[in-house]
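Protein chains in written order, with the working numbering: chain A, 1239 to 1495; chain B, 323 to 416.
Notes follow the structure.
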Amino acid sequence: MRARFGRISRLAGLSGRLGSSNGSRPYLRDCIIMSLAVAPTGVTFGVVADAAGFDLARIVVMSALVFTGASQFAAVGVVNDGGSGGAAVGSALLLAARNALYGPVMRRALPTSAPARMGAAQFVIDETTALSTAQTDRRDAAGAFWFSGVILWLVWNACSVAGALLGAVLGTPETWGLDAAFPAILVALLAPHLRTAAGRTAALGAAAVALGVAPVTGAGVPILVSIVALAPALWVRARRKEPPAGDTRDDTPGTAP
Amino acid sequence: MIALVAGSYGLKALGVSNLGGRIERRLGPAVTLLPAALFAALVVIMTFEDAGGLTLDARAAGVAAGAVAVWRKAPLILVVVVAMAVTAGVRAVT
């Protein structure tokens, strides 16, 4: 389970000593820290979505129903660069694909009845998976999942709206350097994936491909085309017999999950 | 928007369904590498793309400063503030 969690938490791009505190609800402290980290990201999302021309209603619908930060950032980013709706949705859904991988490890924390499980599915994201899989017993895993799911959903939505309203006040986003906020957040999301050789190959390859095709294709298309870099990355992983992302331990003390 | 909402929920639901385990075994290796590829592509496009071409402007300085903040393990909000401040600063003086 520990190796499994290492992999999942790495996939989720999270580090830190999750589940280290004791008490009747050992996940409370981690959940609050997580909410504090999610809040500014939500505000930034609102501001950037507003700058990309999304109206308040669409920002609210997106945060409430899509509820996957990285995918939302990708979709808004592609639209902001003038990409088509198809390219925006394609990039966002490719990023959302990892949520499907969280399902199997999350089953012990989810309700057993099928309709309830389908309702719970909406909250299966990076953060809730990392927090829930860090719990040792099944009841805490379920508690951590629901508690963090609902709290993060509320924080994410409230902050998206706050960001959208703030964006309207800020005026020209370029004056504030807001167009750099987006890629900077993505650098932070990318960083944990660069710890393996396969991850670095995928990232470097994708960046090169995207830059290469950008001048000849429409906006958004380079993002989709860049996934050809997965082929050499999978080859590197197979050749080095590297475990799937995350099974390698971080050598910095205190940051290993 | 409908496709985005339906697709992102559908992927989560697929994961918790009975098919989840099989999908993880078959596609797990490729999907775990997807974020590395997509984030990297998004970063370079959002940093260098401009009206269909590539360009080097204030964004590059800001994103580079943000990357240093990430490397120094700064909290996300600081990463964003640094990137924005440097970009706005470079833009103001050029």
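For each residue, glycine too, the CB sits at the ideal point set by N, CA and C.
Note that the C-beta distance between alanine 1290 of chain A and valine 1393 of chain A is not below 8 Å. Residue state for aspartate 372 of chain B is assigned as strand, using DSSP reduced to three classes.
Following the DSSP letters along the chain, one finds phenylalanine 1420 of chain A inside the alpha helix (DSSP H) bounded by residues 1416-1428. For a cut-off of 8 Å, the C-beta gap from methionine 1344 of chain A to phenylalanine 1383 of chain A is around 7 Å, short enough to register as a contact. Approximately 15 Å separates the beta-carbon atoms of glycine 1450 of chain A and proline 1470 of chain A; this is outside 8 Å, ruling out the contact.
Against chain B, the beta carbon of glutamine 1360 of chain A has neighbours under 7 Å at Tyr331, Lys334, listed in chain order.
Note on the stretch 1321-1391 of chain A: whole alpha helix (DSSP H) runs with a minimum of 4 residues are 1323-1344, 1352-1358, 1364-1371, in chain order. Arginine 413 of chain B belongs to the set of residues whose beta carbon lies under 8 Å from a beta carbon in chain A.
Classified as exposed, leucine 378 of chain B has fewer than 16 neighbouring CB atoms from the shown chains inside 10 Å of its CB.
Residue state for serine 1262 of chain A is assigned as coil, using DSSP reduced to three classes. Around the beta-carbon of valine 1281 of chain A, 16 or more other beta-carbon atoms lie within 10 Å, marking it buried. Interface annotation, aspartate 1319 of chain A: in contact with chain B, CB-CB separation under 8 Å. Straight-line measurement puts the Cα of leucine 326 of chain B at about 11 Å from the Cα of valine 1314 of chain A. Using a Cβ-Cβ cut-off of 8 Å, threonine 377 of chain B does not count as an interface residue toward chain A, since no Cβ of chain A sits closer than that to its own.
Note on asparagine 340 of chain B: under 16 other CB atoms within 10 angstroms of its CB, so exposed under the neighbour-count rule.
DSSP, read as helix, strand or coil, puts valine 385 of chain B in helix. Residue-level contact by beta carbon holds for threonine 409 of chain B and chain A, with a gap shorter than 8 Å. Under the three-state reduction of DSSP, arginine 1296 of chain A is assigned to helix. Leucine 378 of chain B: not part of any alpha helix (DSSP H); DSSP gives it neither H nor E. Of all residues in the stretch 1399-1422 of chain A, the ones placed with a Cβ closer than 8 Å to any Cβ belonging to chain B are Glu1412, Thr1413, Trp1414, Gly1415, Leu1416, Asp1417, Ala1418, Ala1419, Phe1420, Pro1421, Ala1422, in chain order. Taking C-alpha positions only, arginine 1376 of chain A is separated from arginine 1477 of chain A by approximately 37 Å. Taking C-alpha positions only, asparagine 1395 of chain A is separated from isoleucine 1389 of chain A by approximately 10 Å. DSSP places serine 1398 of chain A within a helical segment (H, G or I) once states are collapsed to three. Taking a Cβ-Cβ threshold of 9 Å, the residues of chain A close to arginine 381 of chain B are Gly1415, Asp1417, Ala1418, Pro1421, in chain order. The stretch 1336-1351 of chain A and the stretch 371-391 of chain B do not touch, with fewer than three beta-carbon pairs separated by less than 8 Å.
In the three-state reduction of the DSSP assignment, proline 1453 of chain A falls in the coil class, being assigned neither a helical nor a strand state. A direct Cα-Cα distance of roughly 7 Å separates alanine 387 of chain B from valine 404 of chain B. A distance below 8 Å between beta-carbons, with the five flanking residues on each side excluded, links valine 1463 of chain A to the following residues of its chain, in chain order: Val1447, Ala1448, Val1451, Thr1455.
Counting along the chain, threonine 409 of chain B sits inside the alpha helix (DSSP H) bounded by residues 398-415. Taking CB atoms only, isoleucine 1297 of chain A has no neighbour in chain B less than 8 Å away.
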